[in-house]
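Numbering (the working numbering), first residue to last: 39 to 202. Ideal Cβ positions, reconstructed from N, Cα and C, are used throughout, including at glycine. Because the structure is a prediction, the values reported are computed rather than measured. Step one of this worksheet: look at the structure below.
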């Protein structure tokens with residue numbers, strides 16, 4: 039291919055006075071496109087990571103507000119015999135459900151974007167991607183929900199009544 043590239047470059051150089059052209063092989067073009075797509079991929083991964091952290095902090099804040107608003111309920115549950123573990127599981131379950139709802143809404147939005155992009159590029163969403171997205175969403179909820187859940191679980195009935 040390089041041989042033909044040189045031949046074409048020589049012909050064009052003789053025909054046109056200015057050297058304002060470039061001849062690229064298919065491999066060079068493919069390498070360039072691959073580099074561009076790799077950079078785009080890195081940027082998208084960085085954006086996704088930042089979005090996950092921001093979403094996780096948002097979930098954590100929502101759960102902290104939920105704990106504060108439900109101090110009385112937590113105190114009553116503890117007074118009736120709920121263990122720290124029960125309260126912890128209650129809030130972690132709620133956090134995971136909240137995260138899954140966010141993940142499902144994100145998947146629906148992604149599906150709509152894919153429907154639009156499919157008109158221009160061959161794009162699809164496979165089942166593994168859906169499962170991975172929902173798993174990551176749940177994991178983010180679990181990770182960022184631990185602190186509020188621990189705070190709720192460690193409240194004693196007396197503290198809860200006093201804070202109410």
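Reduced DSSP category for residue i - H, G, I as helix; E, B as strand; rest coil
i           : result
residue 194 : coil
residue 65  : helix
residue 59  : coil
Distance CB(residue i)-CB(residue j) smaller than 8 angstroms
i           : j           : result
residue 191 : residue 122 : yes
residue 109 : residue 193 : yes
residue 195 : residue 116 : yes
residue 77  : residue 137 : no
residue 238 : residue 180 : This structure leaves residue 238 out entirely; the chain is present only between 39 and 202.
residue 61  : residue 46  : yes
residue 168 : residue 145 : yes
Nearest-angstrom Cβ-Cβ length linking residue i and residue j, presumed shorter than 8 angstroms
i           : j           : result
residue 140 : residue 93  : 7 angstroms
residue 23  : residue 68  : As displayed, the chain neither begins before 39 nor continues past 202, which places residue 23 out of reach and without an answer.
residue 170 : residue 126 : Going by Cβ atoms, the distance from residue 170 to residue 126 rounds to 27 angstroms, so no, they are not a contact pair.
residue 105 : residue 129 : 7 angstroms
residue 163 : residue 175 : In fact, because the Cβ distance is near 15 angstroms, the residues do not count as touching under 8 angstroms.
Own chain, CB closer than 7 angstroms to residue i, minus 5 neighbours either side, in chain order
i          : result
residue 84 : none
residue 57 : 51
Close beta carbons around residue i, own chain, < 8 angstroms, minus the five adjacent residues each side
i           : result
residue 107 : none
residue 172 : 138, 141, 142 and 145
is_contact[residue i, chain D] using C-beta, thresh 8 angstroms
i           : result
residue 148 : Absent from the structure: chain D. Only one protein chain is present.
Check: residue i C-beta below 7 angstroms from any heavy atom of the ligand NAP
i           : result
residue 163 : For the structure depicted, the ligand NAP is absent and the ligand set is empty, with no information on it obtainable.
Would you call the segment 156-166 in contact with the segment 95-113, where contact means no fewer than 3 C-beta pairs closer than 8 angstroms? Not touching, per the Cβ criterion.
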